[in-house]
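>
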Amino acid sequence: MRNVPLDAIDHVNRVVLPLGTDYPPGHVLDWHEHRRAQFLYGATGVMVVDTGAGTWTVPPERAVLIPAATRHRVRMLGVSTRSLYIEPDAVPWWPATCTVVDVPPLLRELLLTAVEFEADYSLSGREGCIAALLLHEISGRTPLPFHVAIPPSADLAELCREYLAAPDVGITNAVWAGRTAQSERAFTRRFRAETGDSPAVWRARARLLAAVPLLRTATVTETAGRLGYASPAAFTTAFTRAFGLPPSRFTPGGQGTRPSRT
Numbered sequence: 001m002r003n004v005p006l007d008a009i010d011h012v013n014r015v016v017l018p019l020g021t022d023y024p025p026g027h028v029l030d031w032h033e034h035r036r037a038q039f040l041y042g043a044t045g046v047m048v049v050d051t052g053a054g055t056w057t058v059p060p061e062r063a064v065l066i067p068a069a070t071r072h073r074v075r076m077l078g079v080s081t082r083s084l085y086i087e088p089d090a091v092p093w094w095p096a097t098c099t100v101v102d103v104p105p106l107l108r109e110l111l112l113t114a115v116e117f118e119a120d121y122s123l124s125g126r127e128g129c130i131a132a133l134l135l136h137e138i139s140g141r142t143p144l145p146f147h148v149a150i151p152p153s154a155d156l157a158e159l160c161r162e163y164l165a166a167p168d169v170g171i172t173n174a175v176w177a178g179r180t181a182q183s184e185r186a187f188t189r190r191f192r193a194e195t196g197d198s199p200a201v202w203r204a205r206a207r208l209l210a211a212v213p214l215l216r217t218a219t220v221t222e223t224a225g226r227l228g229y230a231s232p233a234a235f236t237t238a239f240t241r242a243f244g245l246p247p248s249r250f251t252p253g254g255q256g257t258r259p260s261r262t
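Note that the UniProt record's numbering has the sequence shown beginning at 1, numbered continuously upward.
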């Protein structure tokens, strides 16, 4: 089904409910949660998914697995989505936290086909087989590293969310320590305990995540400059080391995107 509210079909007795939705540029799905687990695929554009525990940036032609009853927010940057809403009992292997995954051609085509089903599609024959195959394909996906943790403490979380909204290479550990009225050593120790990374490592990764939406409309050189890298080569090296693909693959002309049948 296309552009139908989930609430209108959530009662339907189907383990997998496929739903396609088109969003205006810059649309924000404010904080909410679903009773079902969600497989959220961006057929176009970039999605940024926030929870209390972290932020996940979903590049074009990738997807994010969202656990059932997880409060989250989604920012849509030129996105047309294809979602599966899945009964939690049917997927005991579903990750406990949001997870970004690749979407290979077979899974993509199955998704694009499934969103044309009626909500009460037949469980026998072709439609039921496609729904079952979708779950098999999703279970084999490998997590991709497009995320950063958000500290549970409110003051540290505020610093991190501010930085994600406007990465600034001029921010230092000393600046953040001063904001929390701690010594730099105490602040660094506390930050590492809550996120698993030092503040400097966290900020470096956050800057790279911020590059993904920028690359939709800016060149690699422009993106490197906006994020404070000394050169496009330095940015490319850091980006490739973090995500396994060069930033050029995420530009409009990059070879990492595939044409979508929307």
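We put the beta carbon where it would ideally sit given N, CA and C, even for glycine.
As a quick exercise: from Pro151, Thr51, Ala149 and Ala114, pick the residue whose alpha carbon is nearest that of Leu133.
Taking the sequence shown and counting its residues from 1, one reaches residue 133 at position 133. Here the closest residue by C-alpha is Ala114.
> Determine the DSSP secondary structure at His136, reduced to helix, strand or coil.
The residue given as residue 136 occupies position 136 in the sequence shown. Reduced to three states, the DSSP call for His136 is helix.
> Relative to the alpha-carbon of Gly78, which residue among Phe117, Val48, Phe39 and Gly128 has its alpha-carbon at the smallest distance?
As a working note, residue 78 is residue 78 in the sequence shown. Of the candidates Phe117, Val48, Phe39 and Gly128, Val48 places its Cα closest to the Cα of Gly78.
> Given a threshold of 16 other Cβ atoms within 10 Å of its Cβ, counted over all protein chains shown, does Arg203 qualify as buried or as exposed?
The residue you call residue 203 lines up with position 203 of the sequence shown. Buried: at least 16 other Cβ atoms inside 10 Å.
> Taking only runs that begin and end inside the region 104–180, name each unbroken beta strand (DSSP E) of 3 or more residues, in chain order.
Correct list: 147–149.
> Going by C-alpha to C-alpha distance, which of Pro167, Ser139, Ala234 and Gly52 sits closest to Leu209?
One-based indexing of the sequence shown puts residue 209 at position 209. Looking at the Cα atoms, Pro167 is the closest of the given residues.
> For the alpha helix (DSSP H) that Thr188 lies in, which residues bound it at each end?
For the purposes of this step, residue 188 is taken as the residue at position 188 of the sequence shown. Taken as a continuous stretch (DSSP letters only), the alpha helix (DSSP H) holding Thr188 covers Glu184 to Thr195.
> Please report the Cβ distance between Pro199 and Thr188, rounded to the nearest whole angstrom; I am assuming they are in contact, meaning their Cβ atoms lie under 8 angstroms.
As a working note, residue 199 is residue 199 in the sequence shown. As a working note, residue 188 is residue 188 in the sequence shown. Sure, about 6 angstroms apart at Cβ, within 8 angstroms.
> Whether or not the region 62–69 and the region 16–27 are in contact is what I'm after, with contact meaning three or more pairs of Cβ atoms, one per stretch, closer than 8 angstroms; do they touch?
Here the region 16–27 does not lie against the region 62–69, with fewer than 3 beta-carbon pairs under 8 angstroms apart.
> Reducing DSSP to helix, strand and coil, say where Arg205 ends up.
The residue given as residue 205 occupies position 205 in the sequence shown. Per DSSP, reduced to three states, the secondary structure at Arg205 is helical.
> If you run the structure through DSSP and keep just helix, strand and coil, what is Pro25?
Start at 1 with the first residue of the sequence shown, and residue 25 comes out as number 25. The answer is coil: DSSP assigns Pro25 none of H, G, I, E or B.
> Name the DSSP bridge partner or partners of Ile86?
Stepping through the sequence shown from its first residue, residue 86 is reached at position 86. DSSP, once it has assigned bridges, lists Val16 and Ala37 as partnering Ile86.
> Return the chain-ordered ranges of every beta strand (DSSP E) run that is complete within the region 38–83 and spans a minimum of 3 residues.
List check, beta strand (DSSP E) in window: 54–58 and 62–66.
> Taking Asp22 as the reference, give the member of Pro5, Ala37 and Arg36 with the closest Cα.
Working through the sequence shown from its first residue, we reach residue 22 at position 22. Here the closest residue by C-alpha is Pro5.
> I think Thr240 touches Thr219, with their Cβ atoms under 8 angstroms apart; what is that distance to the nearest whole Å?
In the sequence shown, residue 240 corresponds to position 240, counting from 1. In the sequence shown, residue 219 corresponds to position 219, counting from 1. Taking 8 angstroms as the upper bound for CB-CB distance, Thr240 and Thr219 are not in contact here, some 16 angstroms apart.
> Between the beta-carbon of Tyr41 and the beta-carbon of Leu111, is there less than 8 angstroms?
Working through the sequence shown from its first residue, we reach residue 41 at position 41. Working through the sequence shown from its first residue, we reach residue 111 at position 111. Contact: yes.
> So, helix, strand or coil for Thr236, using DSSP?
Position 236 of the sequence shown, counted from the first residue, corresponds to residue 236. The answer is helix: DSSP assigns Thr236 an H, G or I state.
> Out of Arg2, Leu107 and Gly228, which has the shortest C-alpha to C-alpha gap to residue 276?
Residue 276 is absent from the model: the chain starts at 1 and stops at 262.
> Tell me which same chain residues have a C-beta within less than 6 angstroms of the C-beta of Ala90, skipping the five on either side of it?
Start at 1 with the first residue of the sequence shown, and residue 90 comes out as number 90. Cβ within range, chain order: Val15.
> Under 8 angstroms between C-beta atoms, does Tyr41 make it to chain B?
The question asks about chain B, but that chain is absent: this structure has only one protein chain.
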